[in-house]
Every structure is written in C-alpha cells, then in structure tokens.
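The structure appears below as structure tokens.
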Amino acid sequence: MPRVRRQRSTRSPDTVEPPGTGELLVGVVVVTLLVMALGSVANSVVWLVGFMVFLPGAASALCTVRQTVMVCVWTMLVVAAVAVVWADGAAAAVDRALILVLTVCLGVASVYACHRRIRREHEMLRLRSVAGAMQRQILAPLPFGTADVLVDGVYEPLQEDRLVGGDVYDVVESPWGTRVLIGDVQGKGLPAVGAAFAVIGAFRAAARRERELTAVVDFLDASVTWHNVRAERAGDDERFVTALVVDIGAQGDARAVNCGHVPPYLLHGGAVTEPRLTSGVPLGLTALTDEPVTVDSFAFPAGAVLLLSTDGLMETRAADGTFYPVEEDLARRVHLPPDLLPRALCDDARAFAGGGGQQDDVAVLTVHRAPRSD
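Residue numbers (our numbering): 142 to 515.
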C-alpha cells in the first residue's frame, strides 16, 4: 500500500487577509459620508473630519501597502477639501493647518507601519514554512500507509506555535512487519524536544535493523540514556520517556512493549477493549530496575482499529477537576471511521475542558488493520 500524504497549510496564523479593493472603497466612502453628515449636523465639519485620520491607521493593520497609500491619499484630499470649503467658518486657520499636518503625519506613519507589518508576516510565514518542513522530516506525515496498516491521527503540541512538542510518534515498515511508536517525553514544549528527537531517530534505525522487539526497546532506552548524559554535561535537566512500541505483522495478532505509557484501546465489532499489557519502566530509567523488557501479544484481526494516545488526552480536566472520560467517549464513537476518530476525541476533550483549553501536548493515532497484498 503506498504512503498517503496530506497537504498541510504553511500559512502563518498571524497573517491578515487584506480586504478586496472594491470592499475597501465602499468602506472608506461610507465612513467619509458618515463623518460629513455628522459634521454638518453638529456645525463643526472641520473638527469632525479630523476623526478621518483614523482611517489610515485601520488600513495599516488590515490592508496592503498599496491599499494603505490609497486610503491615506483619500483622507488627505478629503481633509484638505473640507478645510478649504469651510475656510471662513468658525474654525481658525491654525486649527485647519494643524488638522492637515496631523493627517499627513499619520498617513506617512500608517504606510510605514503597514510596510513593517507585512514584512513581519512574510518573515513569520517563512519561519513557519521552515518549521513545517523540519516537522515533516521529524514526524511521519499522516495518514501513513503500509502493507499491514493505515495509520491516521492528530498531533497537537501545546506550545511553540503548535509545531512541535514533547509527544512523539512514528511508523516504520520493517522486514518483520509494521512497527508503530508513540511516546511522551517528560516536560512540554522546546525543553522536551531534544529527547523527542533522540527517541525518533533511534526508533527509525532500530525498527528496521532489529528483529526482536526487545532489542528495539533496548536501543531506544540507550538513546535516551545517552541524551541524558549529554544534557547533564550541558547543565540541562535529564528526562525520561514513556513509550509504547507495537509490532504488527501479517497474521491476526500484534506484539507490544509498554514502557510506562498510556495503554491502547482495541476497537472491533462495535466493542472497545483494552489489551492486557505489562507496564514496564519508562525509557531512560531502566537502569533503576532489574525487570526485563516484556513483550505481550494480543489479537488484532482484520478490520480492527488500535487507538494509541498520550496522556494529554486522558488527563484533560474540566473546570471542576474531573478527568476527561476517554473510554466512555470512545464507546460512543466506536463506529466512526478511523480517520475521523482522533479529531473527534480531541474536539470532545477540548469541549470537556471548557475555558481551560488544551493543557498538555496531545497525540492520538488510529492503526487500522489492512490486509497484506501479496
């Protein structure tokens, strides 16, 4: 089965979509007529026209440089015309001169501010594009298909413009089947990224090279341990990583090693079950125990879906402190297609949290068993 890649937008959330020229002209004319009408009623047109100097300021925040220049020129012409028409009115000549000078100065400042804003937006877009390209090299684009499974999901870091965080996942097609990793680095945001990169790089190397799942996990643990050694030398905090490594072959079962991670759920025939897995110690902490790495097997028939997640989902809290009921909500949505289920769960968790918003990095994957094409 070929890999399926979904296009991701690299548009910066800080980018402002400028209005159309026609829409802008209508808005400017309407504001001008409104100010003129109010000025006539108040018999103080010159002073009220001074309020039009706010038009260039608004244009600098919403429009292109060309549109901002157009609004500034329009404003200057209107203010100058009003000052000439009402030259013998109550306003003194010095008042009219001050309004004209203020209009010109604010117009120039508005054009400059618009130029700075657009330059910043372009810079943010460029940086986001670079970060997005780096993320695609680090994390497998979803959905990801192999001969054994189709993996889909949602990845939502808590910090750093939602591009990268402490949750990790990867999918590797090896000579012995498809191997899926999901993990959670201790901590959030950029401080956890170094350990996350170490785990992903080690998994991609070991999953293709090591036949035994225990050897894969040993290699992951060694990579976290070495990362901690380097972190300690650099004065940074040491970190551990909870992880779940699943090995899915052509037969109707799967093998898994749980390194202190959130257990998976198996969805099949409208039922939700939790495979029995031995919970071991997180990666980076195995030196503290003599327990061997345990590989557990469980049934994973055709048509079944394996749901993997990090604790950011199950530890979502409502305002009263109650945790989001993942299993209960999953039972209600068990009939959703695998590609829609992760997003539905994340949306439900966000709604459950209410005003609290997202409280941790969140990764949710669905692994859909697909028949092997011989």
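Even glycine gets a Cβ: it sits at the ideal position worked out from N, Cα and C. Computed from a prediction, not measured in an experiment: that's the story for all the values here.
Taking C-alpha positions only, V169 is separated from L196 by approximately 8 Å. Each of V295, D377, M455, Y253 was checked against the Cα of V403, and the nearest Cα belongs to M455. Here P442 has G393, H409, R510 as same chain residues with Cβ atoms under 8 Å from its own Cβ, once five neighbours each way along the sequence are excluded.
Excluding sequence positions up to five before and after G401, its CB lies within less than 7 Å of the CB of T383, S420, G421, V422, P423, all in the same chain and listed in chain order.
For the pair A504 and V309, the Cα-to-Cα distance works out to about 8 Å. Collapsing the DSSP output to three states places T451 in coil.
Fewer than three beta-carbon pairs drawn from the stretch 411 to 418 and the stretch 360 to 371 are found closer than 8 Å, and the two stretches are therefore not classed as touching. Look at the beta carbons and you see the stretch 341 to 350 not touching the stretch 369 to 378: under three pairs across the two are nearer than 8 Å. Judged by DSSP in its simplified three-state form, C246 adopts helix. Taken through DSSP and simplified to helix, strand or coil, V475 comes out as coil.
Annotation for H368: the continuous alpha helix (DSSP H) segment containing it runs 354 to 374. Taking the CA atoms as reference points, L174 sits about 33 Å from E262. In this structure T205 is in contact with I259, their Cβ atoms being roughly 7 Å apart against a cut-off of 8 Å. Boundaries of the beta strand (DSSP E) around D293: 290 to 297. Rounded to the nearest whole angstrom, the CA to CA distance from P479 to G328 is 29 Å.
If the five residues before and after V194 are omitted, its C-beta is found closer than 7 Å to the C-beta atoms of T216, L243, T244, L247, all from its own chain and listed in chain order.
Within 10 angstroms of the beta-carbon of F464 lie fewer than 16 other beta-carbons, which makes it exposed. Counting other Cβ atoms within 10 Å of its Cβ, R380 reaches 16 or more and is therefore classed as buried.
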